[in-house]
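One structure is given here, and the rest of the page talks about it.
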Amino acid sequence: MNTEFDIAETLDVKGASCPMPVIKTSEAVGDLDVGDVLEVLATDAGSMSDIDGWASSTDGVELLEQVDGGDVYKHYLRKTGE
Amino acid sequence: MSTDSAPTAGDGPTREDLQEQVETLRDRVESLEAAADDDGPKKMTIVATQGSFDMAYPPLILASTAAAFGWDVVVFYTFWGLDVLHEKKSRKLKLSAVGNPNMPMPNALAALPGMDRLATRMMEKRIADNGTATIEELIDVSLDQGVDLQACQMTMDLMEYDADDFYDGVTAGVGAATALQHMADSDVQLLV
Numbered sequence: 001m002n003t004e005f006d007i008a009e010t011l012d013v014k015g016a017s018c019p020m021p022v023i024k025t026s027e028a029v030g031d032l033d034v035g036d037v038l039e040v041l042a043t044d045a046g047s048m049s050d051i052d053g054w055a056s057s058t059d060g061v062e063l064l065e066q067v068d069g070g071d072v073y074k075h076y077l078r079k080t081g082e
Numbered sequence: 001m002s003t004d005s006a007p008t009a010g011d012g013p014t015r016e017d018l019q020e021q022v023e024t025l026r027d028r029v030e031s032l033e034a035a036a037d038d039d040g041p042k043k044m045t046i047v048a049t050q051g052s053f054d055m056a057y058p059p060l061i062l063a064s065t066a067a068a069f070g071w072d073v074v075v076f077y078t079f080w081g082l083d084v085l086h087e088k089k090s091r092k093l094k095l096s097a098v099g100n101p102n103m104p105m106p107n108a109l110a111a112l113p114g115m116d117r118l119a120t121r122m123m124e125k126r127i128a129d130n131g132t133a134t135i136e137e138l139i140d141v142s143l144d145q146g147v148d149l150q151a152c153q154m155t156m157d158l159m160e161y162d163a164d165d166f167y168d169g170v171t172a173g174v175g176a177a178t179a180l181q182h183m184a185d186s187d188v189q190l191l192v
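Protein chains in written order, with full-length UniProt numbering: chain C, 1 to 82; chain F, 1 to 192.
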């Protein structure tokens, strides 16, 4: 499944488990420019719920899409503000 | 008798008094509403009292994650919890085999010498295989994210720990009153 947005950065947190995927995602989003899209690649099944939860309660970030690829979970987030 | 020319001469408040009170109340409501809209980030305080390998994890995982949410987080370490902040001891925390319902062995066996080390080594291997962060990594990441890791002065004295024993960035020399101040304003307070 392919996504239609331009990806500015890709964060690879494959192999890392809770809480690192969320923390690394938070750091990576902080480094983006407003409007940029971050792709996160994770193998932690909990990242589907965790990154969704983090994004929905954090200002300045929008979760665009999550893809359950079986082995790898892909998350797409856009920075919407500082 | 007074010859005051106020419009209402009785015991009750004058129209002007009432108007003034309404204005005062209106200002107060406005300032309270403004404060409610602007109460800043959420706050969490965790009191961490345990220094065993398994009990070191939950406070650090919650604290670092909450910091990623932008929360203002304090973890107040006291008693054996201090070992988690102790640079040398944190690398040698033990999982207790005795009384641990998840250990597939009777207590009599678990109490034998070396069993704690064996149990800890088993868990360390699982943690490495599973990609779980080490305690040291979680402390680093928590401090990087601005979590305030506090060491209780009273138990530092009791256990003869020095502030220099702790990781750089740990706040030493604080007491219950400091923890309570943060706790009183916190949305989440946990004792672990």
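All residues carry an ideal CB built from backbone N, CA and C; glycine is no exception.
Contact set between the UniProt domain "UPF0033" (11 to 35) of chain C and chain F, restricted to residues whose Cβ is under 7 Å from the partner
G15, A16, S17, C18, P19, M20, V22, I23, S26
Mind listing the chain C neighbours of F:T134? Cutoff is C-beta to C-beta under 7 Å, in chain order.
For the purposes of this step, residue 134 of chain F is identified with residue 134 of the second sequence, where counting begins at 1. Those within 7 Å of F:T134 in chain C number zero; the least Cβ separation is about 11 Å.
Where F:Q145 sits in the DSSP three-state scheme:
Reading the second sequence from its first residue, position 145 is the one you call residue 145 of chain F. Three-state DSSP puts F:Q145 in coil, outside helix and strand.
Using 8 Å as the threshold, is the C-beta distance between F:M115 and F:A97 below it?
Stepping through the second sequence from its first residue, residue 115 of chain F is reached at position 115. Stepping through the second sequence from its first residue, residue 97 of chain F is reached at position 97. Yes, Cβ-Cβ distance for F:M115 and F:A97 is below 8 Å.
Does the CB of C:D80 have a neighbour CB from chain F at under 8 Å?
What you label residue 80 of chain C is simply residue 80 of the first sequence in a count that begins at 1. Strictly speaking, residue 80 of chain C in this sequence is Thr, with Asp absent from that position. Not an interface residue.
My parser needs the alpha helix (DSSP H) runs of 4 or more residues fully inside the stretch 41 to 105 of chain F; what are they?
53 to 68, 82 to 85
If we call anything under 8 Å between Cβ atoms a contact, is F:A63 one with F:I46?
One-based indexing of the second sequence puts residue 63 of chain F at position 63. One-based indexing of the second sequence puts residue 46 of chain F at position 46. In this structure, F:I46 lies closer than 8 Å to F:A63 by Cβ.
Excluding five sequence neighbours on each side, which residues of the same chain lie with their C-beta closer than 7 Å to the C-beta of C:V22?
To locate residue 22 of chain C, count along the first sequence from 1; it is residue 22. Excluding residues within five positions, the ones whose Cβ falls inside 7 Å are D50, I51, W54.
Cross-strand partners of C:E62 (DSSP beta bridge):
Numbered from its first residue, the first sequence carries residue 62 of chain C at position 62. C:E62 is bridged to C:R78.
Is C:V72 helix, strand or coil when you go by DSSP?
Indexing the first sequence from 1 puts residue 72 of chain C at position 72. Here C:V72 sits in coil by DSSP.
Per the contact definition of three or more C-beta pairs closer than 8 Å, is the stretch 166 to 185 of chain F in contact with the stretch 78 to 88 of chain F?
yes
Return helix, strand or coil for F:T24, following the three-state DSSP convention.
Stepping through the second sequence from its first residue, residue 24 of chain F is reached at position 24. F:T24: helix per DSSP, three-state reduction.
For the stretch 63 to 92 of chain F, which residues have a beta carbon sitting closer than 7 Å to at least one beta carbon of chain D?
No chain D appears in the structure shown, which is made up of the protein chains C and F.
State the Cα-Cα distance for the pair F:D39 and C:S56, rounded to the nearest angstrom.
Counting from 1 along the second sequence, the entry for residue 39 of chain F is found at position 39. Counting from 1 along the first sequence, the entry for residue 56 of chain C is found at position 56. Their Cα atoms are separated by approximately 19 Å.
One question on the structure: do F:G131 and F:D83 come within less than 8 Å of each other, judged by their Cβ atoms?
Along the second sequence, one-based indexing puts residue 131 of chain F at 131. Along the second sequence, one-based indexing puts residue 83 of chain F at 83. No. Outside cutoff.
Same chain only: Cβ atoms within 8 Å of F:L93, ignoring 5 sequence neighbours per side:
Counted from its first residue, the second sequence places residue 93 of chain F at position 93. Around F:L93: G51, S52, F53, A56, D83, V84, T120, I135.
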